[in-house]
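Every number in the working numbering is 7 more than the matching position in the sequence shown, counting from 1.
Beta carbons: idealized from backbone N, C-alpha and C, even for Gly.
This one's a predicted model, so the numbers in the text were calculated from it and none came from an experiment.
Below is one structure, written out as structure tokens; the observations come after it.
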Amino acid sequence: MWGERAMTWQASRTMISHASRLRYMQPLRASSYPATVAIPPVWVTSDAGPIILSTMSWFVRATGVLACLLALSGCARPGPAPDGSLRLADAVDIRTLDTAIGYDASSWRFERLINDGLLNFAPTDSTLVPAVAEALPEIEEGRRFTFRLRDNVYFHHGRQVVAEDFRYSLTRILDPQTASPGRSLYEGIVGARAFGKGEAGTVAGLQCPDELTFVVELESPDLAFLNLMALPFAYAVPREEVERYSASDWPGHAVGCGPYRLDVWEPGVRIRVGRFDRYYDPSRGILPAIEMRFGVADYLQLMMFERGEIDVTGVPLTDLERIDGDARLKSYMRTSADLTTAYASFNTEQSPFDNRAVRQAFNYALNRDRLVQLYAGTIRAARGVLPPGMPGYNPDLRSYTHDPAKARELLASAGFRDNLQVELTTRDRPAERRLGEAIQSDLRDVGVSVAVRAVSFPVWLELVNRHEGLPFTINNWIADYPDPSNFLDVLLNGRHVEYAGSSNRSFYNNPQVNDLLDRAAVMTDAAARLKLYQAAEQIIVDDAPWLFLYHPTRMVLVQPWLQNYHLHPVWTSREDLIWIEEVAQ
């Protein structure tokens, strides 16, 4: 899945005292508003209750607003929310709650709370376990999967979940009109391609022998397929509710069968989900509610955490040394070496990145050792596509060293001698902008002029999938499941380029690589299969459709009253399993 950010990098907090009691504030971005336009109201909560700050004109600076907030602040002892809810904050909104469309960590976080699938991943690892299914499926010949549904699963609007709901949801994914980024993942189902081409009215490989039996039949065996049945794309949604709304309105009225129901989603402001009392599994959905406020800058999130205003936050690198020296805060830190790769994609259909020598030159120009220093040793330099810990990871992969002379030689062979100008697009987060500046500096040293442009995450998502969209942009991919196909096939198989919403954001299309990936997908010999993936990865690295960057370490601070909080290798975190216990401070 796409990560909205791989790591938090915080701006200076010199104007703001850590003693302020600031809750759920939207950032005042003065530069975003013309002098004649008023800044929208800002919601703040003091101990006396909700307050709405009246609309303020351009001349009121953020420092003045913060001074007012400090005056309103109290000095209550940090502790859990009075109503027992989980309190979260982020700088940006989630993109969608439509399980057919969301393919990023922020959207999946809430889609997983509201919806449910036949299978799930275990609480602390990537082992597949039954969810709406009574048990793991019966498997015939490695390609026919029979799921038996529980008889006590209900949608939030009251109707029982039946097998037809799963057939509808997967058919919707495979419909080209939906433009689902998950479509290519499920095209191995019998009849999926014929349905997608309009040659059949149904998907033959999706069958419902009775109300509580669902059968999926594949064209060929696929060792990774069951993982796909645990992803949000395969979650059940009620057809009658989806079709009540337009495609753009449905996410705001999402109805699922998960442990939480959607209470409110105010785009750009907040989302709140409440516990669904008819949920079948008492081990999930323990907290009464989960709420996330949007528009809270990274530096404010840390301040709010230290004041006990939110329950979880990322660890900004600018504060890492301070946190490491504070025994109390350090005890709240959780870390995880994620199955994640950060990279910058080259649009191989556009000049100059349609030239292999240029792409290779950029990789030789990058000083990855300096990147590791820049990130305070919390990242590992990427040598290829697959992250360490992923099956098929090859420590002996032939890759790129920092060699500016080689970079200049390759650029000259491509016809560029100190005259190449490119634009690098980043998402509008301090960490990513700073990463962009590091790339800019290294490329400047070999005669390439890079203009760094930052855009919001929603704008970036809209642009990045267009063939004519972003020629050079930073991405990070978090594993959906622990299999090399989830990186190599999903991100780099040229067969996917034709689809709307394709995750092949380099539009890379090498027939030799496609063939290796297609052969690996249907191979049942696990060891031989991994060798094919390694062969494909070596060709990909040689072709350099990416600027290979790093593999991050996830770092979060978790309040001591949160119990059973896990950093998950697939789901990032499992908010559905948390409970709260008051602890002595």
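- Secondary structure in the segment 91–178: the alpha helix (DSSP H) runs of 4 residues or longer, each lying completely within the stretch, are 112–121 in chain order.
- With fewer than 16 other Cβ atoms from the protein chains shown falling within 10 Å of its own Cβ, Tyr-252 counts as exposed.
- Asp-435 is not bridged by DSSP to any residue.
- Taking the Cα of Trp-257 as reference, the smallest distance to any Cα among Phe-360, Ile-108, Asn-159 and Arg-119 is reached at Ile-108.
- The three-state secondary structure of Asp-217, taken from DSSP, is strand.
- Of Glu-206, Val-169 and Gly-203, the smallest CA-CA separation from Pro-216 is found for Val-169.
- Ala-351 is a Cβ neighbour of Phe-479, given a cutoff of 8 Å.
- If you draw a 10 Å sphere on the C-beta of Gln-428, you find fewer than 16 other C-beta atoms in it, and that means exposed.
- Shown here, Ile-317 sits in coil according to DSSP, grouped into three states, outside any helix or strand.
- Following the DSSP letters along the chain, one finds Val-548 inside the alpha helix (DSSP H) bounded by residues 533–550.
- For Val-249, the closest C-alpha among the options Phe-240, Thr-220, Val-99 and Ala-261 is that of Ala-261.
- Under the three-state reduction of DSSP output, Met-397 falls in the coil class, being neither helix nor strand.
- If you draw a straight line from the Cα of Leu-564 to the Cα of Asp-182, it comes to about 41 Å.
- When the Cα atoms are used, Val-322 and Ile-297 turn out to be separated by approximately 21 Å.
- Per DSSP, Ser-492 is one residue of the alpha helix (DSSP H) stretching across 492–499.
- Within the same chain, Cβ atoms closer than 7 Å to the Cβ of Leu-327 are found at Ala-383, the five residues on either side in sequence being excluded.
- Counting only residues of its own chain and dropping the five nearest sequence neighbours on each side, Tyr-515 has a CB closer than 6 Å to the CB of Thr-355, Leu-499 and Pro-552.
- Counting other Cβ atoms within 10 Å of its Cβ, Ala-458 stays below 16 and is therefore classed as exposed.
- Cβ atoms of Trp-586 and Pro-87 stay farther apart than 8 Å, at about 10 Å.
- The beta strand (DSSP E) runs lying completely inside the segment 444–485 and spanning 3 residues or more are 455–462 and 479–485, given in chain order.
- The straight-line gap separating the alpha-carbon atoms of Thr-342 and Ala-419 is approximately 43 Å.
- By the CB criterion at 8 Å, Leu-495 and Tyr-540 fall inside the cutoff.
- Here Glu-273 carries a strand assignment [DSSP, helix/strand/coil].
- Annotation: Pro-518 to Thr-209 spans about 30 Å, alpha carbon to alpha carbon.
- The alpha carbon of Phe-202 has as its nearest neighbour, out of Pro-559, Arg-179 and Arg-150, the alpha carbon of Arg-179.
- As the crow flies, the alpha-carbon of Pro-402 is around 17 Å from that of Arg-536.
- Using a Cβ distance threshold of 8 Å, Ser-227 and Gly-189 do not count as a contacting pair.
- Phe-117 sits close to Ile-278, with the two beta carbons spaced by under 8 Å.
- Judged by beta-carbon spacing, Arg-434 lies within the 8 Å limit of Val-462, meaning their Cβ atoms are closer than that value.
- Annotation: the continuous beta strand (DSSP E) that includes Ala-296 extends over 296–300.
- Gly-259 carries a helical assignment under DSSP once its states are collapsed to helix, strand and coil.
- Of the candidates Thr-134, Asn-159 and Leu-126, the residue whose Cα lies closest to the Cα of Pro-144 is Leu-126.
- In this structure, Leu-233 lies away from Leu-346, with their beta-carbon atoms at least 8 Å apart.
- Pairing Arg-335 with Phe-353 gives a Cβ-Cβ distance that is not under 8 Å.
- Within the same chain, Ser-227, Pro-228 and Asp-229 come within 7 Å of Val-529 by CB-CB distance, once the 5 residues on both sides are set aside.
- Contact check for Glu-544 against Gly-391 passes: the beta carbons are separated by less than 8 Å.
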